[in-house]
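Working notes, beginning with the structure itself.
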Amino acid sequence: MELILSLGIGVLVGSGVWLLLRPRTFQVIIGLGLISYAVNLFIFSMGRLVADKPPVTQAGTRIDPAMLADPVPQALVLTAIVIGFATTALFLVILLATRGLTGTDHVDGREPD
Amino acid sequence: MNLVPEHLIIAPVLIPFIAGVVLLFFEDRARSVKAVVSICATVALLAVSVMLLRMAHTEEDSGRIAVYLLGNWPPPFAINLVLDRLSAMMLVLTALLALPSLVFSLARWHKAGVHFHTLFLLLLMGLNGAFLTGDLFNLFVFFEIMLAASYGLVLHGSGLLRVKAGLHYIAINLVASLLFLIGVALIYGVTGTLNMADLALRIPQISEANRIMLESGAAILGVAFLIKAGMWPLNFWLPATYAAAPAPSAAIFAIMSKVGIYVLLRLSLLFFGNTPDFPENMSLEILFYSGLATIGFGTAGVLASQTLGRFAGFSVLISSGTLLASLGLVHNGVTAGALFYLASSTLAISALFMLIELVERGQNMASNVLAVTMEAFGDYDEEMADEEIVGVAIPRTIAVLGTCFAACAILLAGLPPLSGFIAKFVILNALFNPDESGQAHLIPATSWWLLALLILSGLATLIAMSRSASARSGHRRSIPPCQEYC
Numbered sequence: 528m529e530l531i532l533s534l535g536i537g538v539l540v541g542s543g544v545w546l547l548l549r550p551r552t553f554q555v556i557i558g559l560g561l562i563s564y565a566v567n568l569f570i571f572s573m574g575r576l577v578a579d580k581p582p583v584t585q586a587g588t589r590i591d592p593a594m595l596a597d598p599v600p601q602a603l604v605l606t607a608i609v610i611g612f613a614t615t616a617l618f619l620v621i622l623l624a625t626r627g628l629t630g631t632d633h634v635d636g637r638e639p640d
Numbered sequence: 002m003n004l005v006p007e008h009l010i011i012a013p014v015l016i017p018f019i020a021g022v023v024l025l026f027f028e029d030r031a032r033s034v035k036a037v038v039s040i041c042a043t044v045a046l047l048a049v050s051v052m053l054l055r056m057a058h059t060e061e062d063s064g065r066i067a068v069y070l071l072g073n074w075p076p077p078f079a080i081n082l083v084l085d086r087l088s089a090m091m092l093v094l095t096a097l098l099a100l101p102s103l104v105f106s107l108a109r110w111h112k113a114g115v116h117f118h119t120l121f122l123l124l125l126m127g128l129n130g131a132f133l134t135g136d137l138f139n140l141f142v143f144f145e146i147m148l149a150a151s152y153g154l155v156l157h158g159s160g161l162l163r164v165k166a167g168l169h170y171i172a173i174n175l176v177a178s179l180l181f182l183i184g185v186a187l188i189y190g191v192t193g194t195l196n197m198a199d200l201a202l203r204i205p206q207i208s209e210a211n212r213i214m215l216e217s218g219a220a221i222l223g224v225a226f227l228i229k230a231g232m233w234p235l236n237f238w239l240p241a242t243y244a245a246a247p248a249p250s251a252a253i254f255a256i257m258s259k260v261g262i263y264v265l266l267r268l269s270l271l272f273f274g275n276t277p278d279f280p281e282n283m284s285l286e287i288l289f290y291s292g293l294a295t296i297g298f299g300t301a302g303v304l305a306s307q308t309l310g311r312f313a314g315f316s317v318l319i320s321s322g323t324l325l326a327s328l329g330l331v332h333n334g335v336t337a338g339a340l341f342y343l344a345s346s347t348l349a350i351s352a353l354f355m356l357i358e359l360v361e362r363g364q365n366m367a368s369n370v371l372a373v374t375m376e377a378f379g380d381y382d383e384e385m386a387d388e389e390i391v392g393v394a395i396p397r398t399i400a401v402l403g404t405c406f407a408a409c410a411i412l413l414a415g416l417p418p419l420s421g422f423i424a425k426f427v428i429l430n431a432l433f434n435p436d437e438s439g440q441a442h443l444i445p446a447t448s449w450w451l452l453a454l455l456i457l458s459g460l461a462t463l464i465a466m467s468r469s470a471s472a473r474s475g476h477r478r479s480i481p482p483c484q485e486y487c
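Line by line, the protein sequences give chains B and V.
Numbering-wise, the numbering used here comes out as the position in the first sequence, counting from 1, plus 527.
Numbering-wise, the numbering used here comes out as the position in the second sequence, counting from 1, plus 1.
Take a look at the structure:
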């Protein structure tokens, strides 16, 4: 499980960074999206990878930390997803505004000669 | 009555938040209502900040640290706010910057686009939250609030230049935010806590095997803050963005680069202040040398910049570089001088951004004269005619602007008698007299480097400012004297 997850994160970050360095705004936003997926998975994995352990307990039951998954990274991921979603949406607006104002989708606002 | 001061700590976050959200319910046409509400909120913020500063400051040496537990959960689990003298000082500084920027925006800028006041107040909320929070993830959330509002403020007024600069600014800051998250996740993975005070207790007990994970987490986190602080070579976005942003936004952005420095100062001491290898830590050396490089880059930029906007942007870099290099030395006296320098230079740069806009407006006057001539030749441009009502440059205005400009120049260059000189003097005095004994001892080469760069950057600032001032007064001679019309 660890190997698959780390390979997945690695591939996502690798492709994301490559896309981020490309000259077209659409590539940049997809790259940012891929890296943010990878980061979310990474935060999630910091709570250790376990199976069949719920992060929340029912009221009244005896609490045994060994039987529970760490709930904090899951809460962090949720916040990170929401913030990432909002900022990506905002970036998309800027991207369209640049396209409209400059007439090109190059990140510098003009085609290289 | 004990209840009131305790809950006052959260007021710097709540006041701008509530005011900003309430303003969303008004149409943008209700500008006077919006202006009154946001001015009142900012004045209240200033009052609260000053009260908090008085609360945190005691006559004894150590000051008072107040902790506010949100929801009153027990300490390591609660999200907490921590007030000490440093955070209180930053709060006062933010409110002090916000008030003039807001008043300035009322003249014209708040009409240039929608929701200016809401964005501005949410930026203040993010700033205050970042200064107060005692929780690493909460810091991320407040950073994002601050950044999201700043994206709106950079683009306020729209236009090609702003959208182009905004695109780079947003892309870079989104990447920085992702680095921030990676750093936070690594630190949590090793220590199992996000509470800053708890982290300070747990970090010295980390096993040798986990140390490398922790340190790489802290390094990645540091890069995220250094991007915001504008460290060379992570700062090429900064002058362009600050120059493109509308004047009141740029004026409040002057403190945004200081947030990165504030967090670096706080976290580096908190996390690694208790570890055995602390003062000889490699990261501090990196901080010092990159600070020097930032001063050098800023100095070159100041001399090379053609427009005043970019000049102010590079001044931000000089100020950041000076602070980074001073913090990298980890010496009480130097840090004290650096904090004084922080307040002084932030206020000066903020004032400069607003002055520049007024001076450039005077420049528009020249082009307006041209527009009138063009009208006579039948080449009439509707847009330029609208600009004409903005202001008539009377000599008195020029005199006031010129005096303010000169004061800013003296502050930034660090000449007596203004505070810029005192700040640099305190830094240099502590540098060459580390134990305050006045005894002769060996001065390390690094101190000489910092001294040389500090003085050179001041000289470059002075040269650039007097050059632009004389270029502008020369320009004005070509405009017919205004009394003839008045």
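Think of the CB as a built atom: it goes at the ideal place given N, C-alpha and C, for glycine as much as any other residue.
Just so it is clear, the structure is predicted and the values come from calculations on it, not from any experiment.
Cβ of residue i less than 7 Å from any chain B Cβ?
i	result
residue 17 (chain V)	no
residue 138 (chain V)	yes
residue 161 (chain V)	yes
residue 384 (chain V)	Note that residue 384 (chain V) has pLDDT 48, beneath the 50 cutoff, so the model's placement of it is unreliable and no number is given.
residue 13 (chain V)	no
residue 87 (chain V)	no
Give me the Cα-Cα distance between residue i and residue j, rounded to the nearest whole angstrom.
i	j	result
residue 271 (chain V)	residue 197 (chain V)	7 Å
residue 125 (chain V)	residue 411 (chain V)	28 Å
residue 358 (chain V)	residue 313 (chain V)	11 Å
residue 99 (chain V)	residue 640 (chain B)	43 Å
residue 360 (chain V)	residue 163 (chain V)	20 Å
residue 568 (chain B)	residue 202 (chain V)	28 Å
residue 240 (chain V)	residue 95 (chain V)	21 Å
residue 253 (chain V)	residue 570 (chain B)	33 Å
residue 217 (chain V)	residue 187 (chain V)	8 Å
residue 635 (chain B)	residue 60 (chain V)	54 Å
residue 102 (chain V)	residue 631 (chain B)	35 Å
residue 329 (chain V)	residue 320 (chain V)	14 Å
residue 384 (chain V)	residue 427 (chain V)	Low confidence applies here, because residue 384 (chain V) scores a pLDDT of 48, under 50, leaving its location unreliable and the question unanswered by this model.
residue 75 (chain V)	residue 470 (chain V)	58 Å
With distances taken between CB atoms, is the gap from residue i to residue j smaller than 7 Å?
i	j	result
residue 113 (chain V)	residue 158 (chain V)	yes
residue 415 (chain V)	residue 422 (chain V)	yes
residue 351 (chain V)	residue 424 (chain V)	no
residue 558 (chain B)	residue 546 (chain B)	yes
residue 236 (chain V)	residue 318 (chain V)	yes
residue 97 (chain V)	residue 39 (chain V)	no
residue 92 (chain V)	residue 143 (chain V)	no
residue 451 (chain V)	residue 326 (chain V)	yes
residue 51 (chain V)	residue 135 (chain V)	no
residue 602 (chain B)	residue 577 (chain B)	no
residue 226 (chain V)	residue 264 (chain V)	yes
residue 169 (chain V)	residue 35 (chain V)	no
residue 258 (chain V)	residue 230 (chain V)	yes
residue 541 (chain B)	residue 561 (chain B)	no
residue 465 (chain V)	residue 303 (chain V)	yes
residue 222 (chain V)	residue 184 (chain V)	yes
Give a yes or no on whether 7 Å exceeds the smallest Cβ distance from residue i to chain V.
i	result
residue 616 (chain B)	no
residue 625 (chain B)	yes
residue 559 (chain B)	yes
residue 612 (chain B)	no
residue 533 (chain B)	no
residue 596 (chain B)	no
residue 621 (chain B)	yes
residue 573 (chain B)	yes
residue 553 (chain B)	no
residue 490 (chain B)	Since the first residue of chain B shown is 528 and the last is 640, residue 490 (chain B) is not available in this structure.
residue 576 (chain B)	no
residue 630 (chain B)	no
residue 570 (chain B)	yes
residue 587 (chain B)	no
Based on the DSSP output, what are the partners of residue i in its beta bridges?
i	result
residue 633 (chain B)	B:551
residue 70 (chain V)	V:81
residue 136 (chain V)	V:196
Taking only beta-carbon atoms, is residue i less than 7 Å away from chain A?
i	result
residue 215 (chain V)	This model lacks chain A altogether, as its protein chains are B and V.
Notebook entry, point to check: When Cβ atoms are compared, which residues of the region 164-191 of chain V fall closer than 8 Å to chain B?
Noted result: 164, 165, 167, 168, 169, 171, 172, 175, 176, 178, 179, 182, 183, 185, 186, 187, 189, 190
Checklist line | Near-chain B residues of the region 126-153 of chain V - C-beta to any C-beta below 7 Å | finding: 138, 142, 145, 149, 152
Checklist line | Within 8 Å of chain V by C-beta, residues of the region 536-551 of chain B in sequence order | finding: 547
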